[in-house]
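Student: So that we are looking at the same thing, I have put the structure below in structure tokens.
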Amino acid sequence: MILRMILTLVIFSIFGCSSNGRFVVQDYYTGLKFYDKTMAVVPVFESPSVANGEDVTDDFGEGVPEEVYMAVFKEHFPGYLEETSTVGSAFFYDGEISVPLNEQLLEVSSMEQLRAQLPEEGKTLTFDSTSADFVLFIFELNTARTGTTSGKYSLQTGEYEGGRFGNLQQAARFAVWDNVKGRLIMYGRAHKYVTVPLNLSEAIWWEGMRGLADDMFSMGPFFKL
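Here the sequence shown stands for residues 2 to 226, numbered as in our numbering.
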């Protein structure tokens, strides 16, 4: 453990990075801005984690909740990346990855690591007949409805008291790869919580998914002013 921490400090002192506690941007990309480039969204996980399966199927139709949610994410998330960042165009790719990915641990903070699968430095990916300047690898994706508490009707005040609205959470762990130079740009974890006032609706899912995209690039070379 001590040796690994020393090696990590050495690596960071050589390459450098900037961090806000949830995201890390490599120093050689600090201050840079990329506009109108193409980004491929590549899932590197077997299935998303869906804690509220009935909510997913109630709003989007019958099926395996994880598969239903993933189909919705695949259809809409690239468009939200285009809206909320400087990315010019984005597309989802879940085909065969053209280069081997190696597992590694990335330091998010002194207390947190991110388990990632990335190409060797210098390697770039191809996507059938489509090219991409950058690759957004998503290592984990999850959704859950949390925080809902039941209240009760008070005979004294004549009001409903003690209840609390819940939140719809959508969260991800990710990294962005420079697919021209073949090196890591940034990585971290992003999330979005949206209040669910009464019942879930598609609009609340869209707000959360758009917010997740926005949070991913709230710092770094794809941040949209």
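Ideal Cβ placement from N, Cα and C applies to all residues, glycine included. For clarity, every value in this text was computed on a predicted model and none was experimentally measured.
Going by CA-CA distance only, name the one from Arg-211, Asp-216, Leu-226 that's closest to Tyr-81.
Tutor: Mapped onto the sequence shown, residue 81 falls at position 80. The candidate whose alpha carbon is nearest that of Tyr-81 is Arg-211.
Student: Between Asp-59 and the rest of its own chain, which residues show a CB-CB distance below 8 Å, the 5 nearest in sequence each way excluded?
Tutor: In the sequence shown, counting from the first residue as 1, residue 59 sits at position 58. Leu-201.
Student: Mind reading off the beta-carbon distance from Thr-31 to Ala-133? Whole number of angstroms is fine, and I expect it under 8 Å.
Tutor: In the sequence shown, counting from the first residue as 1, residue 31 sits at position 30. In the sequence shown, counting from the first residue as 1, residue 133 sits at position 132. Not quite, the Cβ-Cβ distance comes to about 22 Å (not below 8 Å), so this is no contact.
Student: Please confirm if the stretch 93-101 is in contact with the stretch 35-49, defined as three or more CB-CB distances below 8 Å between the two stretches.
Tutor: Yes, they touch.
Student: Applying the 10 Å Cβ sphere with the 16-neighbour rule, what's the burial state of Ser-86?
Tutor: Within the sequence shown, numbered from 1, the residue matching residue 86 stands at position 85. Buried.
Student: Just tell me which of Leu-102, Glu-63, Ser-110, Ala-176 has its CA closest to the CA of Val-136.
Tutor: As a working mapping, residue 136 is identified with position 135 in the sequence shown. Of the listed residues, the one whose Cα sits closest to Val-136 is Ala-176.
Student: Ignore the nearest five residues each way along the sequence and tell me which others in Gly-22's own chain have a CB closer than 8 Å to its CB.
Tutor: Within the sequence shown, residue 22 is the residue found at index 21, counting from 1. Val-109, Ser-110, listed in sequence order.
Student: Which of helix, strand or coil does DSSP assign to Tyr-188?
Tutor: The sequence position of residue 188 within the sequence shown is 187, counting from 1. Note: Tyr-188 maps to strand in three-state DSSP.
Student: Who are the Cβ neighbours of Leu-106 in its own chain at under 8 Å, not counting the five residues just before and after it?
Tutor: On the sequence shown, position 105 is the one that residue 106 refers to. Counting only Cβ-Cβ distances below 8 Å, and skipping sequence neighbours, we find Gln-114, Leu-115, Arg-116, Ala-117.
Student: Measuring straight from C-alpha to C-alpha, what distance separates Ser-130 and Tyr-29?
Tutor: If you number the sequence shown from 1, residue 130 lands on position 129. If you number the sequence shown from 1, residue 29 lands on position 28. Looking at the two C-alpha atoms, the distance is approximately 30 Å.
Student: Can the beta-carbon of Leu-119 be found less than 8 Å from the beta-carbon of Trp-178?
Tutor: What you label residue 119 is simply residue 118 of the sequence shown in a count that begins at 1. What you label residue 178 is simply residue 177 of the sequence shown in a count that begins at 1. Contact: yes.
Student: Answer yes or no: do Arg-190 and Arg-174 have a C-beta to C-beta separation smaller than 8 Å?
Tutor: If you number the sequence shown from 1, residue 190 lands on position 189. If you number the sequence shown from 1, residue 174 lands on position 173. Taking 8 Å as the Cβ cut-off, Arg-190 and Arg-174 qualify as a contacting pair.
Student: As a quick exercise: from Val-195, Met-217, Phe-78, Ser-219, pick the residue whose alpha carbon is nearest that of Gly-209.
Tutor: Along the sequence shown, one-based indexing puts residue 209 at 208. Of the candidates Val-195, Met-217, Phe-78, Ser-219, the one whose C-alpha sits nearest the C-alpha of Gly-209 is Val-195.
Student: Would you decide whether Tyr-188 is buried or exposed? Buried here means 16 or more other CB atoms lie within 10 Å of its CB.
Tutor: Locating residue 188 in the sequence shown gives position 187, where the first residue counts as 1. With 16 or more other Cβ atoms within 10 Å, it is buried.
Student: According to DSSP, what are the bridge partners of Leu-115?
Tutor: Here residue 115 is taken as the residue at index 114 of the sequence shown, counted from 1. In the DSSP output, where bridge partners are listed per residue, Leu-115 has Leu-107.
Student: Tell me which same chain residues have a C-beta within less than 6 Å of the C-beta of Phe-224, skipping the five on either side of it?
Tutor: As a working mapping, residue 224 is identified with position 223 in the sequence shown. Same-chain partners within the cutoff: Phe-218.
Student: With a 10 Å radius around its C-beta and 16 neighbouring C-beta atoms as the bar for buried, classify Thr-147 as buried or exposed.
Tutor: Within the sequence shown, numbered from 1, the residue matching residue 147 stands at position 146. Under this definition Thr-147 is an exposed residue.
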